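So the protein lines, in turn, are chains A and B. Take 1 as the starting number for the first sequence in the UniProt record's numbering and just add one per residue. Take 1 as the starting number for the second sequence in the UniProt record's numbering and just add one per residue. Glycine included, each C-beta is placed from N, C-alpha and C at the ideal position. Because the structure is a prediction, the values reported are computed rather than measured. First the structure, in the form of structure tokens, and then the observations on it.
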Amino acid sequence: MAGESAKLSKNLLRMKFMQRGLDAETKKQLEEDEKRIISDEHWYLDLPELKAKENLIIEEKSLVPCEDLLYGRLSFKGFNPEVEKLMVLLNPKDEKEEEEEDVSCMQTDVTDEEMALRYESLVGTMKKKFAKKRERAAMDEDDVNQNVVVKSSKKTFLKPQD
Amino acid sequence: EDSSVSTERVGEILLPGDEFCCGPKDTLPLTDSGKSERLVAGPGLRRSGDRLLVSRSGVLRHKEPNKFWIESQQRRYVPAKGETVIGIVTVKSGDVFKVDIGGSEVASLSYLAFEGATKRNRPNIQVGDLLLAQLVVANKDMEPELVCIDGSGRANGMGVFGTGGLLIKVSLGLVRRLLAPRSDLRADLEQLFPCELAVGMNGRVWVRAGAVQQTLVLANLLQSCDAMTAPQRQQLFRRLQQGAF
């Protein structure tokens, strides 16, 4: 087969429908030939390379970031509560206010203990979900009996004694 | 030292054509890695090659670490990317609205650039409506483009204003004074009466208060504040509080 395909002309081999049958080596050779043709025909100007200089000046057309201007909607004395909410949300706060906020954040935080307590009950419900029917029934019983753990061991074959 | 050449001139009055610095390499302080830091040229400064030229007359301002801009008084708005402006819808044409924002050219606003808008659910907007929008394309050679939503698709206070209220035009300097982080003018306004303002960087301010009379008082106040010193303004505000309200 290899000898046969070598006899075919290059132009024929380059056609789309011939590409499938080609092995890797001839494919590579064809590509190289093509590249050489392209680079031979390629013209270029004999100029020194243009070096892209790093731009050290950035242009900023807007005054807003320069002067730290606020957002353009204002509401005073509770005229438009929605806008007042936006003012708090979008405008950078003064340092004083920020400190106050930090304190309130700490107070509303969920403590580790609360978290653990909450997840304690969750563990039970999730366990129930994945348990088999028989086990689930046993679990419900347990709950009724104030969590008295009765380990029902799996039924196994008991070897009769001689 | 060379590194302080640019900061030395902060507060000086510069005129268009003045050279701000020649080559950032000479003037910028070096970072630890040996490269000089980037310089941010704000409005009023223009880069030409390696040099920075002044393109607007005004006072040179500086913000740490290396932001420079020219502060000047003007009434003509030049659209800048990222700014929120108040626009007036002038044309409804198919997929886009043409919105007048006071710049040299009208801006376009897609009907999809509203909160909750879909191809089937078009926002209800009429010619003549006022809206607060953000510029996403602002470029000296192209038509400016507006949106009424932020990156996550929320309106965040942008979009068409409700009924009532009054639109006034003030200088761009007053807009900056209204929105400055620690603004005396805003603090004075807060003391007056319940009211609402929408301030566009294009010098348009939309005011609304409980009664038409209060809205008018507020509008007149803002317009006269433009050319007033702080003591004058405070006196006026005091008189107002003692008198009508």
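Residue i - partner residues in DSSP beta bridges
{"i": "His-62 (chain B)", "result": "B:Phe-68"}
{"i": "Ile-88 (chain B)", "result": "B:Asp-100, B:Leu-130"}
{"i": "Val-137 (chain B)", "result": "B:Glu-145"}
{"i": "Ser-110 (chain B)", "result": "B:Val-96"}
{"i": "Ala-41 (chain B)", "result": "A:Glu-59, B:Phe-68"}
{"i": "Leu-178 (chain B)", "result": "DSSP lists no partner for Leu-178 (chain B)."}
{"i": "Ile-168 (chain B)", "result": "B:Val-205"}
{"i": "Val-160 (chain B)", "result": "B:Leu-131"}
{"i": "Leu-14 (chain B)", "result": "B:Gly-58"}
{"i": "Ser-183 (chain B)", "result": "Its beta-bridge partners do not exist; DSSP assigns none."}
{"i": "Lys-19 (chain B)", "result": "Inspection of the sequence shows that residue 19 (chain B) is occupied by Glu rather than by Lys. In DSSP, Glu-19 (chain B) forms a bridge with B:Leu-53."}
{"i": "Ser-48 (chain B)", "result": "B:Arg-51"}
Integer-rounded CB distance, given that residue j should sit under 8 Å from residue i
{"i": "Val-127 (chain B)", "j": "Val-91 (chain B)", "result": "7 Å"}
{"i": "Val-170 (chain B)", "j": "Gln-223 (chain B)", "result": "6 Å"}
{"i": "Asp-188 (chain B)", "j": "Arg-239 (chain B)", "result": "Rounded, the Cβ-Cβ distance is 12 Å, inconsistent with contact."}
{"i": "Gly-157 (chain B)", "j": "Leu-86 (chain A)", "result": "5 Å"}
{"i": "Arg-47 (chain B)", "j": "Glu-49 (chain A)", "result": "Incorrect: roughly 23 Å between the Cβ atoms, too far for contact."}
{"i": "Leu-172 (chain B)", "j": "Gln-235 (chain B)", "result": "In fact, because the Cβ distance is near 25 Å, the residues do not count as touching under 8 Å."}
{"i": "Val-207 (chain B)", "j": "Leu-192 (chain B)", "result": "Their Cβ separation, rounded to whole angstroms, is 11 Å, which puts Val-207 (chain B) and Leu-192 (chain B) out of contact at 8 Å."}
{"i": "Gly-124 (chain A)", "j": "Pro-194 (chain B)", "result": "53 Å between Cβ atoms; not a contact."}
{"i": "Ser-108 (chain B)", "j": "Val-96 (chain B)", "result": "5 Å"}
{"i": "residue 270 (chain B)", "j": "Asn-91 (chain A)", "result": "Residue 270 (chain B) lies beyond the residue range present for chain B, which begins at 1 and ends at 245; the question has no answer from this structure."}
{"i": "Ala-180 (chain B)", "j": "Glu-67 (chain A)", "result": "6 Å"}
{"i": "Asn-220 (chain B)", "j": "Ile-86 (chain B)", "result": "19 Å between Cβ atoms; not a contact."}
{"i": "Lys-128 (chain A)", "j": "Arg-136 (chain A)", "result": "6 Å"}
Local Cβ density within 10 Å of residue i, reported as buried at 16 or more and exposed below that
{"i": "Pro-144 (chain B)", "result": "buried"}
{"i": "Ala-211 (chain B)", "result": "exposed"}
{"i": "Tyr-119 (chain A)", "result": "exposed"}
{"i": "Tyr-71 (chain A)", "result": "buried"}
{"i": "Thr-215 (chain B)", "result": "buried"}
{"i": "Arg-73 (chain A)", "result": "buried"}
{"i": "Phe-130 (chain A)", "result": "exposed"}
{"i": "Lys-61 (chain A)", "result": "buried"}
{"i": "Lys-16 (chain A)", "result": "exposed"}
{"i": "Glu-100 (chain A)", "result": "Reliability fails at Glu-100 (chain A), whose pLDDT of 45 lies under 50, so the model's placement of it is uncertain and the value that follows must be treated cautiously. Glu-100 (chain A) comes out exposed."}
{"i": "Lys-7 (chain A)", "result": "exposed"}
{"i": "Phe-68 (chain B)", "result": "buried"}
{"i": "residue 262 (chain B)", "result": "There is no way to answer for residue 262 (chain B), as the model of chain B reaches only from 1 to 245."}
{"i": "Glu-8 (chain B)", "result": "exposed"}
{"i": "Gly-42 (chain B)", "result": "buried"}
{"i": "Phe-157 (chain A)", "result": "exposed"}
{"i": "Asn-66 (chain B)", "result": "buried"}
{"i": "Leu-47 (chain A)", "result": "exposed"}
{"i": "Ala-80 (chain B)", "result": "buried"}
{"i": "Ala-230 (chain B)", "result": "exposed"}
{"i": "Thr-111 (chain A)", "result": "exposed"}
{"i": "Leu-12 (chain A)", "result": "exposed"}
{"i": "Gly-103 (chain B)", "result": "buried"}
{"i": "Leu-14 (chain B)", "result": "buried"}
{"i": "Glu-32 (chain A)", "result": "exposed"}
{"i": "Ser-104 (chain A)", "result": "For Ser-104 (chain A), the pLDDT reaches just 47, beneath the cut-off of 50, and the residue's location in the model is therefore unreliable, although a value from the coordinates is still provided. Burial call: exposed."}
{"i": "Ser-55 (chain B)", "result": "buried"}
Endpoints, alpha helix (DSSP H) assigned at residue i
{"i": "residue 277 (chain B)", "result": "Residue 277 (chain B) lies beyond the range of chain B shown here (1 to 245); nothing can be said about it."}
{"i": "Ser-121 (chain A)", "result": "112-130"}
Continuous beta strand (DSSP E) stretch holding residue i: start and end
{"i": "Leu-158 (chain A)", "result": "Taken as a continuous stretch (DSSP letters only), Leu-158 (chain A) belongs to no beta strand (DSSP E), as it is neither H nor E."}
{"i": "Leu-52 (chain B)", "result": "51-54"}
beta-carbon residue i near the ligand MN non-hydrogen atom, thresh 6 Å
{"i": "Glu-32 (chain A)", "result": "Absent from the structure shown: the ligand MN. Ligands present: none."}
Unbroken alpha helix (DSSP H) runs of length 4 or more, entirely within the segment 3-80 of chain A: which are they? 10-13, 24-41, 64-67
Curious, which full-length alpha helix (DSSP H) runs of at least 4 residues does the segment 186-217 of chain B contain? none
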